[in-house]
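Protein chains in written order, with my numbering: chain A, 91 to 606; chain B, 5 to 115. To start, the structure under review is shown below, and the notes come after it.
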């Protein structure tokens with residue numbers, strides 16, 4: 091048994107020995123795949139994209155292993171030029187976890203989308219397949235660069251690559267309503283990125299560097315946060331909030347996420363909004379840690395709490411299944427912002443709180459991808475996705491409905507799901523720091539989540555004796571991959587503590603903290 | 005008032021005008037133009053930063069200028085994408101409106 095494990099581990103160990111140069115792989119693979127797919131055309135795009143994603147998933151494992159083994163961030167200076175002259179890539183624990191999560195989810199989405207976006211032999215080529223796979227690779231490349239970039243301007247370019255790939259995914263079907271949703275999404279995103287760029291300009295003007303570590307070094311020396319840094323942080327945070335769709339900048343999200351094809355919705359909801367959230371974490375915890383002490387964290391937390399309740403109530407009121415799932419994303423994003431006020435408390439154990447937030451993020455990514463994909467299968471099978479018209483679907487598509495249910499349970503946060511563990515961490519921190527109100531927001535959110543899921547299941551499980559007429563049946567591989575993602579979210583809480591410790595690597599003060 | 009300050013203020017005014025346009029106008033084209041106005045303001049600010057950082061006998065700090073060039077390319081791509089989307093949206097809405105208009109006319113007692 092140990093020989094097998096050693097044999098399996100040896101290529102990973104060999105790759106891990108590459109060290110920092112390994113970080114180039116997650117950035118290069120998507121872009122290489124994108125260029126190859128463009129060169130070879132839509133007939134081969136699926137194979138190229140899925141191969142690249144599989145390789146990327148395999149590369150993310152040794153990166154995580156190397157970070158875990160070294161107990162320190164993995165770093166690579168591009169071209170051998172160290173900042174401030176050059177640009178660095180760096181993977182700390184958070185980056186390693188995000189690289190792995192996004193590769194796994196894209197792998198699942200790749201399997202799911204394969205039957206829908208392929209061009210059979212003998213059929214004239216259409217643009218749909220090529221567009222989908224190249225955009226998917228573009229999203230992946232943007233995300234990986236967001237996770238690894240250490241330079242605020244590189245991160246800006248990564249954010250734009252992510253946006254420009256994500257927006258056309260919304261309107262792949264070309265209907266007027268999805269085009270309108272995509273245009274609205276793009277305008278919100280452009281406002282967000284231009285505000286981010288303005289903040290970058292201010293920071294460069296004040297400190298003459300855009301390197302995260304360099305800026306943090308300059309700012310750590312200041313007794314009070316200088317006005318330029320404060321203005322820059324405000325602009326950048328607001329810009330990123332518009333891209334993350336935190337209440338009240340959420341208006342673009344439901345039509346865009348609900349109108350996109352299911353495979354695209356899953357990627358948009360599970361990963362794309364998390365990219366800009368990841369940058370908010372970077373900004374608040376790595377670039378300008380002084381922000382947390384200013385009381386602004388309470389504003390972010392309050393907006394998050396409002397998003398939890400407001401998104402939950404709106405999800406409860408939806409008539410269409412995909413819109414319900416989209417509004418649920420709005421609510422679940424709110425949980426992520428509770429991290430800020432909890433970590434801002436003087437006695438807070440920030441690394442553990444951040445781990446809780448990241449667990450929620452990863453858990454939501456898996457669960458929401460599964461739910462959007464399952465909702466897509468249901469909508470395709472029935473030809474419509476009205477919640478009131480779901481009667482008997484549990485008998486017609488048992489696997490799909492099971493996957494939707496397991497994803498929903500993981501979202502509510504029953505043990506042993508990742509969300510359960512995340513909420514344990516966050517509620518524990520809320521009690522320990524005397525901020526029980528944030529814990530209450532989480533409880534209310536959990537109840538609302540359960541309520542809107544029960545509403546779906548009331549319809550899906552009723553209607554015995556009259557099986558619904560299915561327009562088409564989903565492929566077994568599609569149903570299985572959805573089930574796999576849902577089970578991943580459900581069993582995330584069973585991860586060994588070592589993996590959780592991975593998330594804390596590279597956090598300042600993580601040595602003092604540790605898990606509860 | 006130094007030239008750099010003057011240009012900095014101009015940049016701030018452009019950003020403000022663009023922000024007003026982006027928030028207060030409903031038309032897609034006007035909002036795209038407003039976005040470009042904000043972009044111009046930000047690029048002007050980068051220029052000011054380059055001028056202010058010019059020490060040691062240089063005419064300007066080259067880094068912000070390199071950033072502006074990249075930023076221009078990105079803003080141009082964004083504008084193209086937005087205009088293309090707006091065009092497709094207009095076409096799709098026309099296409100959706102046409103059959104309805106035809107259906108109204110077809111059974112009627114047209115002149």
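Note that beta-carbon positions come from the ideal geometry of N, C-alpha and C, so glycine has one too.
### Message
So residue 260(A) and residue 346(A) are supposed to be a Cβ contact under 8 Å. How far apart are they, rounded?
### Response
Beta-carbon to beta-carbon, residue 260(A) and residue 346(A) are separated by about 5 Å, close enough to satisfy the 8 Å threshold.
### Query
Under 8 Å Cβ-Cβ, which residues of chain A neighbour residue 86(B)?
For residue 86(B), the chain A residues whose Cβ falls inside 8 Å of its Cβ are 273, 276, 277, 280, in order along the chain.
### Task
Classify residue 207(A) as helix, strand or coil using the three-state DSSP reduction.
Note: residue 207(A) maps to coil in three-state DSSP.
### Message
Going by C-alpha to C-alpha distance, which of 179(A), 132(A), 144(A) sits closest to residue 209(A)?
### Response
Looking at the Cα atoms, 132(A) is the closest of the given residues.
#### Entry: DSSP-derived helix/strand/coil call for residue 167(A)
strand
### Task
Reducing DSSP to helix, strand and coil, say where residue 410(A) ends up.
strand
### Task
For the beta strand (DSSP E) holding residue 180(A), just list the boundary residues, first then last.
178-181
### Query
Are residue 281(A) and residue 239(A) closer than 8 Å when you measure CB to CB?
no
### Message
Check this for me: beta carbons of residue 531(A) and residue 395(A), under 8 Å apart or not?
### Response
yes
### Query
Between residue 52(B) and the rest of its own chain, which residues show a CB-CB distance below 6 Å, the 5 nearest in sequence each way excluded?
8, 11, 12
### Message
Beta-carbon within less than 8 Å of residue 467(A)'s beta-carbon, same chain only, minus the 5 sequence neighbours each way: which residues are those?
### Response
Correct list, in chain order: 352, 487, 490, 564, 568, 569, 572.
### Query
When the Cβ atoms of the stretch 34-54 of chain B are set against those of the stretch 85-96 of chain B, are three or more pairs found closer than 8 Å?
yes
### Query
If you scan the stretch 110-152 of chain A from start to end, which runs of the alpha helix (DSSP H) of 4 or more residues do you find wholly inside it?
114-130
### Query
Bridge partners of residue 241(A), per DSSP?
DSSP lists 301(A) as partners of residue 241(A).
### Task
Using a Cβ-Cβ cut-off of less than 7 Å, list which residues of the stretch 9-33 of chain B approach chain A; keep chain order.
19, 26, 32
#### Entry: From 189(A), 529(A), 138(A), residue whose alpha carbon lies closest to that of residue 398(A)
529(A)
### Message
Suppose the cutoff is 7 Å on Cβ atoms and the five residues either side in sequence are ignored; what does the same chain contact list for residue 19(B) look like?
### Response
42, 45, 46
### Query
Once you ignore the five residues that flank residue 444(A) on each side, which residues in its own chain have a CB closer than 8 Å to its CB?
184, 371, 375, 429, 433, 593, 594, 597
### Query
According to DSSP, is residue 563(A) helix, strand or coil?
Here residue 563(A) carries a coil assignment [DSSP, helix/strand/coil].
### Message
Residues in the same chain with beta-carbon distance under 7 Å from residue 135(A), minus the five sequence neighbours each way, listed in chain order, please.
### Response
Counting only Cβ-Cβ distances below 7 Å, and skipping sequence neighbours, we find 127, 219, 220, 223, 224.
### Message
Quick check on the DSSP output: the alpha helix (DSSP H) that includes residue 595(A) runs from which residue to which?
### Response
Run containing residue 595(A): none; DSSP gives neither H nor E here.
### Query
What's the C-alpha gap between residue 6(B) and residue 156(A)?
52 Å
### Presumed contact (8 Å Cβ cut-off) between residue 479(A) and residue 472(A), rounded CB distance
7 Å
### Task
With DSSP collapsed to three states, give me the class of residue 35(B).
helix
### Message
Please list, in chain order, the chain B residues whose beta carbon lies closer than 8 Å to that of residue 608(A).
### Response
With chain A covering only 91 through 606, there is no way to say anything about residue 608(A).
### Query
Who are the Cβ neighbours of residue 322(A) in its own chain at under 6 Å, not counting the five residues just before and after it?
Its chain contains 289, 292, 293 as the residues whose beta carbon lies nearer than 6 Å to that of residue 322(A), once the 5 sequence neighbours on both sides are disregarded; these appear in chain order.
### Message
Distance cutoff 8 Å, beta carbons only. Does residue 243(A) sit that close to anything in chain B?
### Response
yes
### Task
Could you say if the stretch 166-182 of chain A and the stretch 297-304 of chain A meet the contact criterion of at least three C-beta pairs nearer than 8 Å?
In short, these stretches touch, since the Cβ pair count reaches three.
### Query
With DSSP run on the structure shown, which of helix, strand or coil describes residue 545(A)?
helix
### Query
Going along chain A, which residues have a C-beta under 7 Å from residue 68(B)?
294
### Query
Would you call the stretch 193-203 of chain A and the stretch 373-388 of chain A in contact, with 3 or more CB pairs under 8 Å?
no
#### Entry: Which residues DSSP lists as bridging residue 476(A), in chain order
410(A).
### Query
Can you tell me the Cα-Cα spacing of residue 250(A) and residue 357(A), whole angstroms?
Rounded to the nearest whole angstrom, the CA to CA distance from residue 250(A) to residue 357(A) is 16 Å.
### Query
Which residue's Cα is closest to the Cα of residue 584(A): 558(A), 504(A), 262(A)?
504(A)
### Query
What residue does the alpha helix (DSSP H) around residue 345(A) start on, and which one ends it?
It spans 343-349 - the alpha helix (DSSP H) in which residue 345(A) sits, taken as one unbroken run.
### Message
Less than 8 Å between the C-beta atoms of residue 74(B) and residue 247(A), yes or no?
### Response
Cβ distance < 8 Å, so residue 74(B) and residue 247(A) count as in contact.
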